[in-house]
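Numbering (my numbering), first residue to last: 9 to 258.
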């Protein structure tokens, strides 16, 4: 039987958790412990009462999330916040959060996997923060229309703002929110970005700077990293794993 500490140590080392300077509220790493044993691994995008209850019902006792519980802490342990914590403690379910390290990882990260889905190889670092790449750039040899068709097949609901080249030579990837990514495109000489969501004002920027922006959903573009890490853990330690989906449309 795998121990909680073994899984935490492996996740920390594999994702190079300590190398990334994340937002303080991210609080990457083990956020809630259990009794020290792990029999089933779960993966979810968000910390929340519903995914916690679903994980406990599925027999998960080690849940990996991309967005942890403490973004807006400290808060009193009352109401929904109390219910979240209690659901984990009563269910003996440990919670492990991994944000930016699981966006930028070259193998398990959301952005490398977004590129791989499209048959592209992410080689150029993008959105480098404190020496670590959060996003990635891949060479692209097809048309804009082909890129859009591939994305629509994978994600269904894609917002496409197509003001850039019809045959982009490279594509930048920034899972989740791409608001910090758009200003970086000109510096990298890339006019095409695949991301999750953007603020409204970037439409004007796309027109003025001739950019292609593809918005595939914040949640949808961030399911990949937690799934990949959970699957690797399961193979390494010989325990089952399950994705805990919430069908978040945002």
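From the three backbone atoms N, C-alpha and C, an ideal C-beta is built for every residue, glycine too.
What three-state label does DSSP hand residue i in the structure shown?
| i | result |
| --- | --- |
| residue 110 | helix |
| residue 79 | coil |
| residue 133 | strand |
| residue 187 | coil |
| residue 236 | helix |
| residue 73 | strand |
| residue 38 | strand |
| residue 30 | coil |
Does the separation of the CB atoms of residue i and residue j fall below 8 Å?
| i | j | result |
| --- | --- | --- |
| residue 69 | residue 101 | yes |
| residue 210 | residue 49 | no |
| residue 217 | residue 242 | no |
| residue 119 | residue 144 | yes |
| residue 226 | residue 184 | yes |
| residue 25 | residue 37 | yes |
Tell me the DSSP bridge mates of residue i?
| i | result |
| --- | --- |
| residue 101 | DSSP output for residue 101 lists no bridge partner at all. |
| residue 143 | 134 |
At the level of alpha carbons, what is the spacing between residue i and residue j?
| i | j | result |
| --- | --- | --- |
| residue 157 | residue 168 | 11 Å |
| residue 239 | residue 115 | 13 Å |
| residue 1 | residue 220 | The structure shown does not extend to residue 1, since the chain is modelled only from 9 through 258, so no value can be given for it. |
| residue 79 | residue 214 | 30 Å |
| residue 14 | residue 51 | 17 Å |
| residue 22 | residue 59 | 24 Å |
| residue 141 | residue 202 | 16 Å |
| residue 205 | residue 188 | 11 Å |
Quick test of your reading: residue i and residue j, contact by CB under 8 Å. State the CB separation rounded to the nearest angstrom.
| i | j | result |
| --- | --- | --- |
| residue 109 | residue 181 | Rounded, the Cβ-Cβ distance is 16 Å, inconsistent with contact. |
| residue 53 | residue 75 | 6 Å |
| residue 42 | residue 85 | That belief does not hold up - the Cβ atoms of residue 42 and residue 85 are roughly 18 Å apart, past 8 Å. |
How about residue i: is its Cβ closer than 7 Å to a heavy atom in the ligand GTP?
| i | result |
| --- | --- |
| residue 56 | Looking for the ligand GTP in the displayed structure turns up nothing, as the structure carries no ligands at all. |
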